[in-house]
Amino acid sequence: DGGITQSPKYLFRKEGQNVTLSCEQNLNHDAMYWYRQDPGQGLRLIYYSQIVNDFQKGDIAEGYSVSREKKESFPLTVTSAQKNPTAFYLCASTGTNGGEQFFGPGTRLTVL
Amino acid sequence: AQSVTQPDIHITVSEGASLELRCNYSYGATPYLFWYVQSPGQGLQLLLKYFSGDTLVQGIKGFEAEFKRSQSSFNLRKPSVHWSDAAEYFCAVGRYNTDKLIFGTGTRLQVFP
Numbered sequence: 167d168g169g170i171t172q173s174p175k176y177l178f179r180k181e182g183q184n185v186t187l188s189c190e191q192n193l194n195h196d197a198m199y200w201y202r203q204d205p206g207q208g209l210r211l212i213y214y215s216q217i218v219n220d221f222q223k224g225d226i227a228e229g230y231s232v233s234r235e236k237k238e239s240f241p242l243t244v245t246s247a248q249k250n251p252t253a254f255y256l257c258a259s260t261g262t263n264g265g266e267q268f269f270g271p272g273t274r275l276t277v278l
Numbered sequence: 067a068q069s070v071t072q073p074d075i076h077i078t079v080s081e082g083a084s085l086e087l088r089c090n091y092s093y094g095a096t097p098y099l100f101w102y103v104q105s106p107g108q109g110l111q112l113l114l115k116y117f118s119g120d121t122l123v124q125g126i127k128g129f130e131a132e133f134k135r136s137q138s139s140f141n142l143r144k145p146s147v148h149w150s151d152a153a154e155y156f157c158a159v160g161r162y163n164t165d166k167l168i169f170g171t172g173t174r175l176q177v178f179p
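The following block contains the structure:
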């Protein structure tokens, strides 16, 4: 079955550590996105990529980094510069003929 | 700039009652509009979408939404709510089919028997 996978489901980080969240899709989609979700704030866009080897900052990119070396993969690194990283992170992708974004199951990151 | 407003943070309805969740958007041209549903701790699932054509769109799980350009609205409706509909609902808008989406802050639906 085609879809989007995110790993791990739960992640714990000590302050000062960088962590990388995985996002993989087998939908053959060109565009991929990372969102952060906090209670009462909806989804906020961190980074997005519309093609391999290219990506753009979203609304809250500070303290995060991404890469897009393969069409299927769009990992997100939460760096120590992100002051409040505890949140639920969602990855999504979209194809050119549908428009809607397909979402992964999410990763919950907790800073200890 | 685009924006999406979901004025109701929390709605409670009885099982079997009708439901309408409000969504207002700000965008100059005809937007791409979406409704998603999220169960706790899960990803988002698409309920329905509007790109063009018939302004009343049907989605999954018995949901429908109506695009009203004059009111800049895209409200979600269901004639009879089931207990399994309890979840959080998000409205989203984009400018074209691969555009990044702007999401509303969500409406949490609670259903009691």
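Which chain is which? The protein sequence lines are A and B, in order.
For this note's numbering, add 166 to where a residue sits in the first sequence, where the first one is 1.
For this note's numbering, add 66 to where a residue sits in the second sequence, where the first one is 1.
Note that beta-carbon positions come from the ideal geometry of N, C-alpha and C, so glycine has one too.
This one's a predicted model, so the numbers in the text were calculated from it and none came from an experiment.
Original post:
Applying a beta-carbon distance threshold of less than 8 angstroms, which residues of chain C neighbour B/Q108?
Top reply: Structure shown: chain C not included; protein chains present are A and B.
Subject >> Helix, strand or coil at A/R234 [DSSP, three-state] >> reply: Annotated three-state conformation of A/R234 is coil, per DSSP.
Subject >> Opposing strand residues paired with B/K144 [DSSP bridges] >> reply: DSSP, once it has assigned bridges, lists B/L85 as partnering B/K144.
Subject >> Minimum Cβ-Cβ distance from A/R202 to chain B less than 9 angstroms >> reply: Proximity of A/R202 to chain B, defined by a Cβ-Cβ separation below 9 angstroms, is not satisfied.
Original post:
Ordered along the chain, which non-local residues of its own chain (more than five positions away) have a Cβ less than 6 angstroms from that of A/G261?
Top reply: Same-chain partners within the cutoff: H195.
Subject >> Three-way DSSP call (helix, strand, coil) for B/D165 in this model >> reply: The answer is coil: DSSP assigns B/D165 none of H, G, I, E or B.
**OP:** Return the chain-ordered list of same chain residues with a C-beta closer than 6 angstroms to the C-beta of B/Q124, the five sequence neighbours on each side being excluded.
**Re:** Only E130 meet the Cβ criterion.
Subject >> 9 angstroms Cβ cutoff met for A/I170 and A/F254 >> reply: It is not a contact, given that the beta carbons lie outside the stated cut-off.
**OP:** Look at the alpha carbon of B/V79 and the alpha carbon of B/P73, and state the distance between them as a whole number of angstroms.
**Re:** Whole-angstrom Cα-Cα distance: 16 angstroms.
Subject >> A/A197, enclosing beta strand (DSSP E) - first and last residue >> reply: Boundaries of the beta strand (DSSP E) around A/A197: 197-203.
Original post:
Got a sec? Which residues, its chain only, sit under 7 angstroms from A/P174 by beta carbon, not counting five neighbours each side?
Top reply: If the five residues before and after A/P174 are omitted, its C-beta is found closer than 7 angstroms to the C-beta atoms of T273, all from its own chain and listed in chain order.
Original post:
Are any of the Cβ atoms in chain A nearer than 9 angstroms to that of B/L87?
Top reply: The beta-carbon of B/L87 is placed no less than 9 angstroms from the nearest beta-carbon of chain A.
Original post:
Along chain B, which residues have their Cβ under 8 angstroms away from the Cβ of A/E266?
Top reply: In chain order: F100, L112, K115.
Original post:
CB B/G160 to CB A/G265, shorter than 9 angstroms?
Top reply: In this structure, B/G160 places its C-beta atom within 9 angstroms of the C-beta atom of A/G265.
Subject >> Which residues DSSP lists as bridging B/A131, in chain order >> reply: When beta bridges are read from the DSSP output, B/A131 appears opposite B/V123, B/L142.
Original post:
A/A197 versus chain B: which residues are under 7 angstroms apart at the beta carbon?
Top reply: Near A/A197 (Cβ distances below 7 angstroms), the residues of chain B are T164.
**OP:** Output, in chain order, the set of chain B residues within a Cβ distance shorter than 9 angstroms of A/G206.
**Re:** Near A/G206 (Cβ distances below 9 angstroms), the residues of chain B are I75, T171, G172.
**OP:** Can you check DSSP and say which residues form a bridge with B/N90?
**Re:** B/T71, B/S139.
Original post:
Relative to the C-alpha of A/K236, which residue among A/N184, A/C189, A/I212 is closest?
Top reply: A/K236 has its Cα closest to that of A/C189, out of A/N184, A/C189, A/I212.
**OP:** Say whether chain A places a C-beta atom closer than 9 angstroms to the C-beta of B/L167.
**Re:** With 9 angstroms as the cut-off, B/L167 counts as an interface residue toward chain A.
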